[in-house]
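Novice:
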Amino acid sequence: MIGVLFAILTGLILKRAFKGDDTSDFLMELPTYQLPSFRNLIINTWNKLKAFVLGAGKIIVLVVMIINVVNSIGVDGSFGNQNSKTHY
C-alpha cells in the first residue's frame with residue numbers, strides 16, 4: 051500500500067516539476083478499422099491450422115513410432131510379445 055501511495059506521490063511531483071506550456075502538434079492518423087470478411091477469416095484459419103498439424107504431425111508420428119519400438123523390446127532383449135500371455 052505504501053508503494054502505491056509513493057508511486058502516486060512521485061507521479062504528481064514529477065508532473066508539476068516537468069510541466070511545460072509546450073503543446074505538441076503531433077497527430078497520429080490511424081486508418082479506419084475494418085472487420086475481416088468471414089470467408090477470409092475461415093481461409094486464413096484453415097491455412098494456419100493445416101500448417102500446424104502437418105508440421106507438428108510429422109514430429110508426433112515419429113515420436114509415437116519410436117515409443118512403440120522401444121515398448122516392444124522386452125527386458126530380456128526379445129522383440130515383440132510372442133510369449134506373453136494377456137488376461138482380460
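In terms of this note's numbering, the sequence shown is residues 51 to 138. Glycine included, every Cβ here is placed at the ideal spot set by N, Cα and C.
Going by the DSSP bridge assignment, what does Ile123 pair with across the sheet?
Specialist: Phe129
Novice: Which residue comes first and which comes last in the alpha helix (DSSP H) that contains Arg60?
Specialist: Looking at the sequence shown, residue 60 is not Arg but Thr. Its alpha helix (DSSP H) spans residues 52-67.
Novice: Can you look up Thr95 in the DSSP assignment and give me helix, strand or coil?
Specialist: Looking at Thr95 - three-state DSSP - the assignment turns out to be helix.
Novice: Met115 to Leu77, Cα distance in whole Å?
Specialist: 59 Å
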